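Enquirer: Following my numbering, the numbering of the sequence shown begins with 79 at its first residue and continues without gaps.
Don't be surprised by glycine CBs; every beta carbon is placed ideally from N, CA and C.
It should be emphasised that the depicted structure is a prediction, and the values quoted were computed from it without experimental measurement.
First, the structure itself, so that you have it in front of you.
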Amino acid sequence: MSLFWRIFGLNAVVFGAATALLLWAPITVSVPVVLTEAVVLVGGLVIMLVANAALLRIGLAPLDRLTQRMTTVDLLRPGQRLPVDGHGGVAELLRTFNEMLDRLEAERATSSARALSAQEAERRRIAQELHDEVGQSMTAVLLELKRAADRAPEALRTDLQHAQETTRESLDEVRRIARRLRPGVLDDLGLVSALTALTTDYGTHTGLSVYRRFDPDLPPLEPAAELVLYRVAQESLTNAARHADARRIDLTLRHTAAAVVLDVTDDGSGMGRASEGAGIRGMRERALLIDADLDIGPGPAGGARVRLTVPLPRDAA
79 MSLFWRIFGL NAVVFGAATA LLLWAPITVS VPVVLTEAVV LVGGLVIMLV
129 ANAALLRIGL APLDRLTQRM TTVDLLRPGQ RLPVDGHGGV AELLRTFNEM
179 LDRLEAERAT SSARALSAQE AERRRIAQEL HDEVGQSMTA VLLELKRAAD
229 RAPEALRTDL QHAQETTRES LDEVRRIARR LRPGVLDDLG LVSALTALTT
279 DYGTHTGLSV YRRFDPDLPP LEPAAELVLY RVAQESLTNA ARHADARRID
329 LTLRHTAAAV VLDVTDDGSG MGRASEGAGI RGMRERALLI DADLDIGPGP
379 AGGARVRLTV PLPRDAA
């Protein structure tokens, strides 16, 4: 039944019932109308309006659910569908809305995969150039400064040694940025070694106390899954260091029979009512690429907690 005939039928039921009452009820209307008759007529009108409103609310309830879902739907949280019952115009509208969400989520996943792949390729290129070009140039400058300091008179030697130390610190910073852009240890030594280096680096440069725990005998994962786990851990540490005013961060990597779970908790101020920024939405996009579940909320002892659950391949599970 279309929406038009649904509303028409509901009103017809109400008006038909009111007409039947007027025909068979022992009620007459005098001229002029007396008070009791006016009360009966007004009461009947009120009952008719209330019944009509109740029936319309029942008939249009699916549209209310559709409106609420349209205002809250988020493509980074897939699976938000409306139940479709019966046939007719309203059911077809709900079915079309669900199919539209299917297409949008598929297109979003495809475009996100292309964008993140291009982003990783660009990060790899920039990291390689920093390491090969900038790093080698600064290494050459460092060697020249050392030779100049060895041959310089005592009055200039201190200044040259200071410039040498500054150049060495800048070279270390360039190498650290290159490692963050593209962690070579992830490709060479695996996820556990990469996370160990990451937490050590953050603890050294931010002053935070970073505690880590890895389950032994972690099952093998696809390279894409390892990269997502690394990037989510990296973004979680960055958020805790920059925005949460945390002093301690706990990073745990464990596995169950069907998944590998990454937990990052801190003792900072938490998220509160702050909206999700680009960093968190980027984590959600990465989680969708490997069908992982990302949960961000308050930690068990305050602060924030980021939990990424990566399902294992069927053969590994």
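(1) Straight-line CA distance for Tyr289 to Ala324?
(2) Distance, Cα to Cα, Glu379 vs Leu315?
(3) So what's Gly262 in DSSP terms, helix, strand or just coil?
(4) Counting Cβ pairs closer than 8 Å, one from the segment 186 to 195 and one from the segment 218 to 228, do we hit at least three?
(5) Using a Cβ-Cβ distance under 9 Å, would Phe292 count as near chain C?
(6) Look at the alpha carbon of Leu88 and the alpha carbon of Gln146, and state the distance between them as a whole number of angstroms.
(7) What would DSSP say about Ala335, mapped onto helix, strand or coil?
(8) How many Å lie between Asp371 and Val342 at the Cα?
(9) Are there 16 or more other CB atoms within 10 angstroms of the CB of Ala319, so buried, or fewer, so exposed?
(10) Short check: CB of Gly213 to CB of Leu249, under 9 Å?
(11) Tell me the rounded alpha-carbon separation between Ala132 and Leu141.
(12) Hey, quick one: how far does the beta strand (DSSP E) through Ser287 stretch, first residue to last?
(13) Kindly indicate which three-state DSSP category Asp323 falls into: helix, strand or coil?
(14) Here's a check: name, in chain order, each residue in its chain whose Cβ is nearer than 8 Å to the Cβ of Arg181, leaving out the five neighbours to either side.
(15) How many Å lie between Ala218 and Asp237 at the Cα?
(16) Thinking C-alpha only, which one of Ala169, Arg203, Asp373 is nearest Arg143?
(17) From Val388, Ala356, Arg173, Ile204, pick the residue whose C-alpha is nearest to that of Pro297; which is it?
(18) Per the DSSP calculation, Thr330 is bridged to which residue(s)?
(19) Where does Asp369 fall in DSSP's three states?
(20) Using C-beta distances below 7 Å, list every residue in its chain close to Met361, excluding the 5 sequence neighbours before and after it, in chain order.
(21) Just to confirm the assignment: which complete beta strand (DSSP E) runs, minimum length 3, are found wholly within the segment 200 to 246?
(22) From the DSSP output, in three-state form, read off Ala379 for me.
(23) Please state whether the Cβ-Cβ distance between Leu366 and Glu304 is less than 9 Å.
Expert: Working from what's here:
(1) The sequence position of residue 289 within the sequence shown is 211, counting from 1. The sequence position of residue 324 within the sequence shown is 246, counting from 1. Looking at the two C-alpha atoms, the distance is approximately 13 Å.
(2) In the sequence shown, counting from the first residue as 1, residue 379 sits at position 301. In the sequence shown, counting from the first residue as 1, residue 315 sits at position 237. The sequence given here has Ala at residue 379, not Glu. Looking at the two C-alpha atoms, the distance is approximately 17 Å.
(3) Within the sequence shown, the letter at position 184 stands for residue 262. In this structure, Gly262 counts as helix in the three-state DSSP scheme.
(4) no
(5) You won't find chain C in this structure, because it holds only one protein chain.
(6) Counting from 1 along the sequence shown, the entry for residue 88 is found at position 10. Counting from 1 along the sequence shown, the entry for residue 146 is found at position 68. Cα-Cα distance, rounded: 24 Å.
(7) Counting from one through the sequence shown, the residue named residue 335 turns up at place 257. Correct three-state label for Ala335: coil.
(8) Within the sequence shown, the letter at position 293 stands for residue 371. Within the sequence shown, the letter at position 264 stands for residue 342. Approximately 14 Å between the Cα atoms of the pair.
(9) Within the sequence shown, the letter at position 241 stands for residue 319. It counts as buried.
(10) Locating residue 213 in the sequence shown gives position 135, where the first residue counts as 1. Locating residue 249 in the sequence shown gives position 171, where the first residue counts as 1. Going by C-beta atoms, Gly213 is nearer than 9 Å to Leu249.
(11) By one-based count along the sequence shown, residue 132 stands at place 54. By one-based count along the sequence shown, residue 141 stands at place 63. Between Ala132 and Leu141, the C-alpha separation is close to 15 Å.
(12) Counting from one through the sequence shown, the residue named residue 287 turns up at place 209. First-last of the beta strand (DSSP E) with Ser287: 287 to 292.
(13) Working through the sequence shown from its first residue, we reach residue 323 at position 245. Asp323: coil per DSSP, three-state reduction.
(14) For the purposes of this step, residue 181 is identified with residue 103 of the sequence shown, where counting begins at 1. Around Arg181: no qualifying Cβ.
(15) Along the sequence shown, one-based indexing puts residue 218 at 140. Along the sequence shown, one-based indexing puts residue 237 at 159. Looking at the two C-alpha atoms, the distance is approximately 18 Å.
(16) Reading the sequence shown from its first residue, position 65 is the one you call residue 143. Ranking the options by Cα distance to Arg143, first place goes to Ala169.
(17) In the sequence shown, the residue the question calls residue 297 occupies position 219. Answer by Cα proximity: Val388.
(18) Residue 330 sits at position 252 when you count from the first residue of the sequence shown. Arg291, Asp341.
(19) Taking the sequence shown and counting its residues from 1, one reaches residue 369 at position 291. Of the three classes helix, strand and coil, the one that applies to Asp369 here is coil, per DSSP.
(20) Residue numbering aside, residue 361 sits at position 283 when the sequence shown is read from its first letter. Same-chain partners within the cutoff: Val310, Glu313, Leu372.
(21) none
(22) By 1-based counting over the sequence shown, the position of residue 379 is 301. Of the three classes helix, strand and coil, the one that applies to Ala379 here is coil, per DSSP.
(23) Residue 366 sits at position 288 when you count from the first residue of the sequence shown. Residue 304 sits at position 226 when you count from the first residue of the sequence shown. Not closer than 9 Å, so no.
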